[in-house]
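To convert, take the position in the sequence shown, counting from 1, and add 785; that gives the working numbering.
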Amino acid sequence: MRSPLRRAREFMVLNVLSNSAANIIQRLALSLVSSTAVTSIQVWTTLLVSLAIRLFYAAVRRRATSATAAASAADADADSAAPLAQQAAKPVARPGELWHFAVAGLIGQVAGNYAFLAAAKAGGIGFTVAVAQTWGLWAIILGLLVLGEKAGRRLAIGLPVALAGILLLSAQGQGISDLTTYLSSGLPWALLASLSWAVSSVLIRRGLSRGCDQQVGLIVQFATPSAVLAVAAIGNPAPMTGLNASTVAMIAAAGILSGTLAMQFLYRALSMCPLSQVMLINASYPAVVNVLSWLFLGESLTVRGIVGIALITAACVWTQTEPPGADK
């Protein structure tokens, strides 16, 4: 049987692949409509799909409960009824801890996304991506400081190596003059985006570790930003103009990939083990996106980018092959 850590790593790989595929679709959609429209439709789609999944599982659970009750009534054997009673008594969620997901939604989906768009608007998209994509590294550090997690010795080497790889990969094609302008305008926003996403993941991990149901947590996480974005759309409907059925379907597909699937995989991974053990896998996201962009969008991949991919891959492999118990 596979260990929880191995399964968590597999879920994180699926998370990276889902987010990478969604990024390709998002970039196509951004050439057609505003970033606000893309963000709003993705968040709303994730909420609706998550609610549908929750209702589906609730219906299945009710049918299973009815079948179990009928079987229990027909079978008077107390020994066979005891395991069923224990299963029914198993807690499903802890409502008092759901605030973690509500705050995670506001910080990650609203503050984080807004800060990222503000940084990109400042004129440094390459450096914006470079700084923002360090959020997984910040999440590991916050997990160590706030959640009291332990890290292996290899992580101390893997973190700076992955950071160097992300910076090289995301800043390829950028010049010194671009960096000078960006430092005074977009850098604070990019740092805010990175830290917002990191704090959001830490809150998710804490909520899951305290017994919250994954489906309920995901719904709460996207319900709060959905309400904020809905109010914003009512107050200023201009960003939603120019939408058609095909564009909405494209954005919704990206929302299902990045919101529903990717977040489900992230939730499963974080419910199995600490951030410090699996989050560095997320650092491979920029590398996968650049390779997919090179293959399907015809974008260039420079020597600097290839070196960045090599560093990121080396950091992920180095940290994920650390022997168990090395953090003790």
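Glycine included, each C-beta is placed from N, C-alpha and C at the ideal position.
Scanning L1042, V1033 and M1048 for the CA closest to the CA of S819 turns up V1033. For I838, the CB contacts under 8 angstroms within the same chain, skipping 5 residues up- and downstream, are Q1000 and T1045 in chain order. Between M1064 and G921 a beta carbon distance of about 5 angstroms is seen, short of the 8 angstroms cut, so the two are scored as contacting.
By the Cβ neighbour-count rule, S1031 is exposed, with fewer than 16 other Cβ atoms within 10 Å of its own. For V1074, the enclosing alpha helix (DSSP H) covers residues Y1070 to F1081. In the structure shown, L883 adopts coil according to DSSP, grouped into three states. By alpha-carbon distance to R787, the top candidate from I1066, M1057, C1101 and Y1070 is M1057. Taking 7 angstroms as the cut-off, the Cβ atoms of L1042 and S803 count as close. One alpha carbon belongs to V828, the other to S1085, and they sit about 31 angstroms apart. Pairing F886 with V987 gives a Cβ-Cβ distance that is not under 7 angstroms. According to the DSSP assignment, V818 belongs to no alpha helix (DSSP H), since it is labelled neither H nor E. Going by DSSP, R939 is part of the alpha helix (DSSP H) stretching over R938 to S955. By the criterion of at least three beta-carbon pairs nearer than 8 angstroms, the region 808–827 is in contact with the region 1009–1029. In this structure, A806 lies away from M1035, with their beta-carbon atoms at least 7 angstroms apart.
Contact between the region 1067–1074 and the region 788–801 is present, with at least three C-beta pairs closer than 8 angstroms. Straight-line spacing of the CA atoms in L1080 and A978 works out to 28 angstroms.
Shown here for M797: same chain residues with a beta carbon closer than 8 angstroms to its own, the five before and five after excluded, namely F1050, L1051, A1054, V1063, M1064, I1066 and N1067 in chain order. For the pair G943 and W1103, the CB atoms are nearer than the 7 angstroms cut-off.
Only residues of its own chain outside the window of five on either side were considered, and among them I1004 have a CB closer than 8 angstroms to the CB of L836, listed in chain order.
Put simply, the region 890–902 touches the region 1010–1018. At least three CB pairs are less than 8 angstroms apart.
In this structure W982 does not touch A904 by the C-beta definition: roughly 13 angstroms separates them, more than the 8 angstroms allowed.
In this structure, L972 and V916 form a Cβ contact; the two beta carbons are roughly 7 angstroms apart against a cut-off of 8 angstroms. Sequence-distant Cβ neighbours of R792 in its own chain, meaning closer than 7 angstroms and more than five residues away, are M1057. Each residue's CA atom was taken as its position, placing T1087 and I1094 some 11 angstroms apart. Counting along the chain, the unbroken alpha helix (DSSP H) around S1011 starts and ends at Q999 to G1020. Put simply, of V895, L883, W884 and D998 the residue whose alpha carbon is nearest the alpha carbon of A1017 is V895.
Counting along the chain, the unbroken alpha helix (DSSP H) around L977 starts and ends at L972 to S994. Within its own chain, the residues whose Cβ lies closer than 7 angstroms to the Cβ of I826, once the five positions on either side in sequence are excluded, are V1033, I1036, A1037 and G1040, listed in chain order. The Cβ-Cβ distance between L1060 and A949 does not fall below 7 angstroms.
Only residues of its own chain outside the window of five on either side were considered, and among them V801, I1097 and C1101 have a CB closer than 6 angstroms to the CB of S1069, listed in chain order. Excluding sequence positions up to five before and after I989, its CB lies within less than 8 angstroms of the CB of H885, F886, A889, G1002, Q1006, L1051, Y1052 and L1055, all in the same chain and listed in chain order.
Per DSSP, V1088 is one residue of the alpha helix (DSSP H) stretching across V1088 to Q1105. In the same chain as L1077, and ignoring 5 residues on each side of it, the C-beta atoms closer than 7 angstroms to its own belong to S805 and I809, in chain order. A direct Cα-to-Cα measurement between R995 and E882 gives close to 7 angstroms.
Contact between G897 and S985 holds, since their C-beta atoms are separated by about 7 angstroms, short of 8 angstroms.
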